[in-house]
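Presented below is the structure to which this report refers.
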Amino acid sequence: MNAIYNIVWSTARNMFVVAGEFSRGNNGMRNSIKVTGLATLIFTAAVNAAELGPQNGASIILNDNDVVTASGQTNTTGVESITAGGDGLQIQGKTIINVSGETLSTGVSLDNGTKNDLGTNTEIHVTDTDGTQNSSKNTSGILISGNNPGTEVTASGINIDVSGKNNVYGFRNIGKYSNVDLGSGSSITAITETDYSIGGIGDARGVYLLDGSSTFTMDNGFIHATSKDNTAWGIQSTGNANIDLGKNSQVVAEGNNITTGIEIGTDGVLDADQLTVTATGLATDYGSVTGLKLGKNNHVDLGDNSRVTINGTSDLAEGISVTGPDATLIANNMDINISTTLDCRTGGCTTRGIAINGTGSRIDLGSGSTISITGFFDGAGVTINPAAKGSELIADNLTIDVTGSQVNAISMSTGFMDLGQNSIISATGEATTLWVTGGEFHADALTVNTAQSVGIIAQGGDVMIGAGSAVDGRSSATLGSATSGIAATSGSTLDFKGDADNRNVIYAIDGYGVSSQFYGATVNIANTDIIMSGQNNPYGLWAVGSNDLSRPGIINGENLTIDVTASGANGYGAVVQQGGAISLTGDTTIKTQDGVAIFVSDRAGNLLPGGTVTGSGVMDITGDIISAGEGSISLEMASGSRLVGATFVNTDPTVDSSLNLSLAEQTQWAITGDSSLTQLDNAGDIVFDTPSQNGQFRTLTINGNYYGGDGDLYLNTQLGDDNSPTDKVIITGDTSGSTTLYVNNIGGEGALTTKGIEVIDVGGQSDGVFTQGNQVQTGLYEYRLYEDGGDWYLRSQAVTPVDPDDGDDVTPVDPDDGGDVTPVDPDDGGDVTPVDPDDGGDVTPVDPDDGGDSKPVDPQYRADIGAYLGNQWMARNLQMQTLYDREGSQLRTDDGSMWMRFKAGDASSTAADGHVDIDNTYSQLQIGGDVLSWGNGEQSLKAGVMVSYINADTDSTGNRGADGSQFSASGNVAGYNLGAYATWFADAKNHSGLYVDSWYQYGLYNNSVDNGDVGSTDYDSTASAVSVETGYRYDIILANQNVVSLTPQAQATWQQYKADAV
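Residue numbers 13 to 1074, in the numbering used here, belong to the letters of the sequence shown in order.
So, in structure tokens, the structure goes:
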């Protein structure tokens, strides 16, 4: 190819230089010589660096290290190629272009409809100094105009630096189909400073792309725009431009009025990876700052690890603003950080991390993205505004952390949002962390933190939160602030559902855990732990209706645990008011510390009615259940349930309030205070809490019917006479079914009853059967359960009481159990001195006579009286002996120094004035031997030691009660006696005549008493005894040489018996 070159005079170098055909020097083409030759002609002088003036032409070639310098007053351009038909601008290597003027200066102006190569590491420096304010006075680093479509630019590592007093552009493309590729490492800076803050004057744009300008590409680039007095854009695309910033590019914008990092116009495209966008507000009191602004039908892909930072002074800051419809943004592991240096504590500063305003837009933040906001008064980390219908935001493992009084983490008015798994959203101000007023929100394993407000509110939209999620208003709560968990208001549905393996949790202070507010609001919550604290009456569940039982706010709870123990008596587990409704199913646990587990509000005025609470399944409830207002509580507690607390139902006839309780098998209700309800079905256990000694007994009032489904009733009584304090059940309606009643004696010492101690009071038809389940005894008496006139009494009686007599007094019954009972002698031989078991004198008789108006009755004595007495009598009596018990031993050695005896037998006796029968069987084995002996032929004195083992059984049977009951008990005593003896005989040979004998024994015994259903008791006892005996034996020899002996004797014995207290 032939090429035409000009030899041009350069005034800068004061010499001729070789230039392209259409190039010209700064003084035109004077002194030029045209040279025509072959393309292979080599001009060695032409490749040397040149200092050039302004360049202009359809084809311009600049060489490595050329310097182009242009200066003037207005419209000064360093290199201009705006004519089609040539080769455009071709820079071979690096060229430095320096342009200075007063206004309208341009570094490189292109409109040649061809490809232009700006070389490698080319520098373009443009400076304007004219401060005259005019919106049409623009200063540009590179300008592509639109008269000749298809003007394209390529470069690598280009450095564009523009400064001026009016509008400045680092790179301005207003052409058509003008593709730009700035390669890797390019830098564009545009800075303007004016004395005015007027729209359209003093704006700075790093890159400006007009609609239809086609593509702009760079990699690892840097774009910086600063307007110290007005508006700045890092990149502004007005539409239908494709921008590819490659990897690791940076865009910086600093503005006084409006600052935008990147703005994409209609149908625009932006692709980048690891992009950093920084937008800084320079205003002293206000300003709008946006990191990335998307328009209509945009498509933006920010790849991985991109970052948007907003800082400086701004009263309106948005990380990403989606203003146009049908825009799409895709990013992964993106970071948006927004802060302000203004003092916004009292208002005036608004922020949005991501603001979606256009319909049909879609934001996908991938996984691991973060949004952080500090210093603003109101706004949100993410907002989908009402105009953005059909829009959606999708993310996974997203973190949103915002501060500011009225800054939400998420504010959603329409569209769809799905935060996937393991997202964390936090707000430290008074605004709700997640606020949904429209649209549909989804998340699993979501963590929501709130410091002064509500974690989640669905106020017109629907919210679905899955397993593994947490709402925490606890650890970050501001001192003195109340926090709440989740709530739905009219027209909303909020699902907060964990699962069996991955439960959800809610922590809140002084507020509520879960709330459904007004008609049309529904909260469905499952497998969740709700943990409340604070002393300002916190509620675990709170359902509020629209002042009508048929228009409730609804909470459906399944497998819930509600713990308000940290709030003490101020805690409420579940509360309904104004017609609210709560339904509890599955496994439900409500824990309070002296608080209220379930409450139907009784607040007056327009807050009536109260509401309804229903429950079924396995329930573990600690706390009171109160139906104070209009409405109802109905709990069907399945097997394995437990209720610890009292109940109350309002019986005011003007208030329609009910409380129904059904206890299945293996269910327990521990009654901790006076209680009332409307209906009770009992197939489980009802246990009155044990009062302190002489403490408060309790009454259960059923203002309706009672059904016993083979359930149990455990109550406490201070067993005594008819007026004994006792727990009591009052049933105003009818009874049916069967119930087993167990009685626990609280400090009662027993007494004879007449009518009895009333424990069941039935006001209606008494068809229910109450059967005593345990043997009840105290003092001397057995207490049995009797029906009388439909009511049920505990009585210590052996015969049924009769009607009052005609006035004559009757002789009282003396239940003395000791003074007049004939003691048992266990020795068949009649030689053992019996012991009187009475240990303290006679028992004062009980006089049941109350003035001559009733006939006394016999008491039913407890059977174990005889067992205890039998053990004592056997131990004491088997310790007794006389000289001739030893002398008559069955086995002796020839010299009489060793001996052994055995005896066994049975005995019978009675106690309690013959009302208790006692039968004993016993055995004893005793061995002894002399250890000292003295004699003088006539007299003898011997001393020895002895040991015995005893074992005795006792069967005791009490008298029969009026209900036909009769009880028995058994006892056993076994142990050892150790002792010593000494005996003097006046006749050592025949042991006749006078003798004196003495002994001492100490016994140790193990005792037991088996008292049937009452149980068994083991105890230890000891006995000590000393005896002195004397007598005179007369021998009478009969005619047949047989001898009859007569021995008058006297014995004095002291004995002490001690036993453990039982």
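All C-beta atoms in this analysis are idealised placements derived from N, C-alpha and C, irrespective of residue type, glycine included.
Original post:
How should residue 1074 be labelled, buried or exposed, when 16 other C-beta atoms within 10 angstroms of its C-beta is the threshold for buried?
Top reply: By the 10 Å Cβ count, residue 1074 comes out exposed.
Original post:
Around the C-beta of residue 1040, are 16 or more other C-beta atoms found within 10 angstroms, so that it is buried, or is it exposed?
Top reply: In summary, residue 1040 is exposed, with fewer than 16 beta-carbon neighbours lying within 10 Å of its beta-carbon over all protein chains present.
Subject >> Given 8 Å, three or more beta-carbon pairs between the segment 535–550 and the segment 567–580 >> reply: Yes, the segment 535–550 touches the segment 567–580.
Subject >> Separation of residue 108 from residue 79, as counted between CA atoms >> reply: So the two alpha carbons sit approximately 5 Å from each other.
Original post:
CA-CA distance, residue 253 and residue 590?
Top reply: CA-to-CA, the gap between residue 253 and residue 590 works out to about 59 Å.
Subject >> Where residue 949 falls, given that 16 or more other Cβ within 10 Å makes a residue buried >> reply: Exposed, since its Cβ has fewer than 16 Cβ neighbours within 10 Å.
Original post:
Is the CB-CB distance between residue 483 and residue 467 below 8 Å?
Top reply: Cβ atoms of residue 483 and residue 467: closer than 8 Å.
Original post:
What does residue 672 pair with, by DSSP beta-bridge criteria?
Top reply: Paired residues: 646, 691.
Original post:
Expressed to the nearest angstrom, what Euclidean distance is found between the alpha-carbon atoms of residue 390 and residue 362?
Top reply: Looking at the two C-alpha atoms, the distance is approximately 5 Å.
Subject >> Cα-Cα separation between residue 891 and residue 1034, rounded to whole angstroms >> reply: The straight-line gap from Cα to Cα measures roughly 11 Å.
Original post:
Roughly how many angstroms separate the alpha carbons of residue 647 and residue 371, rounded to a whole number?
Top reply: Their Cα atoms are separated by approximately 48 Å.
Original post:
By Cβ distance below 7 Å, which residues in the same chain neighbour residue 700 in space, the five residues on each side in sequence not counted?
Top reply: By the criterion of a C-beta distance shorter than 7 Å, residue 700 is surrounded in its chain by 683, 710, 726, 727, 728, 739, once the five residues flanking it on both sides are discounted.
Original post:
Out of 703, 680, 707, 716, which has the shortest C-alpha to C-alpha gap to residue 689?
Top reply: Of the residues 703, 680, 707, 716, the one whose Cα lies closest to the Cα of residue 689 is 716.
Original post:
CA-CA distance, residue 823 and residue 641?
Top reply: Note that residue 823 scores a pLDDT of 39, beneath 50, so its modelled location is shaky and nothing firm can be said.
Original post:
Can at least three beta-carbon pairs, one atom from the segment 503–518 and one from the segment 468–480, be found at a separation below 8 Å?
Top reply: Segments in contact, yes.
Original post:
residue 625 and residue 586 look like a contact to me (Cβ under 8 Å); what is the Cβ gap, rounded to whole Å?
Top reply: Contact annotation, residue 625 with residue 586: C-beta distance approximately 6 Å; criterion of less than 8 Å satisfied.
Subject >> Of the residues 1055, 978, 1061, 880, the one placed nearest residue 1008, counting alpha carbons only >> reply: In terms of CA proximity to residue 1008, 1061 leads the group 1055, 978, 1061, 880.
**OP:** Figure out for me which residue from 382, 239, 128, 989 has the closest Cα to the Cα of residue 366.
**Re:** Selected option, being the one with the closest Cα: 382.
Subject >> Residue from 502, 714, 920 whose Cα sits closest to the Cα of residue 966 >> reply: Looking at the Cα atoms, 920 is the closest of the given residues.
Subject >> Close Cβ partners of residue 685 (< 7 Å) along its chain, the five nearest in sequence each way excluded >> reply: The residues are 658, 710.
**OP:** Find out if the Cβ-Cβ distance for the pair residue 239, residue 267 is shorter than 8 Å.
**Re:** Yes, Cβ-Cβ distance for residue 239 and residue 267 is below 8 Å.
**OP:** Give every residue of the same chain whose Cβ lies closer than 6 Å to the Cβ of residue 173, excluding the five residues on either side of it in the sequence, and list them in chain order.
**Re:** Excluding five sequence positions before and after residue 173, the CB atoms of its chain that fall closer than 6 Å to its own CB belong to 137, 201, given in chain order.
Original post:
Is residue 359 buried or exposed, if buried means 16 or more other CB atoms sit within 10 Å of its CB?
Top reply: The residue is exposed, with fewer than 16 neighbouring Cβ atoms inside 10 Å.
Original post:
Beta-carbon separation of residue 214 and residue 206 under 8 Å?
Top reply: The Cβ atoms of residue 214 and residue 206 sit closer than 8 Å to each other.
Original post:
Taking the alpha helix (DSSP H) that residue 895 falls in, what are its first and last residues?
Top reply: Run containing residue 895: 895–899, per the alpha helix (DSSP H) assignment.
Original post:
For residue 550 versus residue 523, is the C-beta distance shorter than 8 Å?
Top reply: The answer is yes: Cβ separation under 8 Å.
**OP:** Rounded to whole angstroms, what's the CA-CA distance from residue 120 to residue 440? Just pull it up for me.
**Re:** Cα to Cα, residue 120 sits roughly 52 Å from residue 440.
**OP:** Go ahead and label residue 993 buried or exposed: buried means 16 or more other beta carbons lie within 10 angstroms of its beta carbon, across all protein chains shown.
**Re:** It counts as buried.
Original post:
Are the beta-carbon atoms belonging to residue 1036 and residue 1068 less than 8 Å from one another?
Top reply: Yes, these two residues count as a Cβ contact at 8 Å.
Subject >> For residue 1024, the three-state DSSP class (helix, strand or coil) >> reply: Note: residue 1024 maps to helix in three-state DSSP.
Subject >> For residue 407 and residue 588, the rounded distance between their alpha carbons >> reply: Between residue 588 and residue 407, the alpha-carbon positions lie close to 37 Å from each other.
Original post:
Considering only C-alpha positions, which residue in the set 284, 308, 273, 327 is nearest to residue 296?
Top reply: Closest option to residue 296, Cα to Cα, is 327.
Original post:
Near residue 1054, what residues of its chain come up, given a Cβ to Cβ distance below 6 Å and the 5 sequence neighbours on each side ignored?
Top reply: None.
**OP:** Could you pull out every residue in the same chain whose Cβ sits closer than 6 Å to the Cβ of residue 204, ignoring the five residues on either side in sequence?
**Re:** Taken in chain order, the residues that qualify are 176, 180, 214, 216, 239.
**OP:** Could you name the residues that DSSP lists as bridge partners for residue 953?
**Re:** Paired residues: 946, 996.
**OP:** Tell me, please, which residues DSSP counts as bridged to residue 401.
**Re:** Looking at the DSSP output, residue 401 bridges to nothing.
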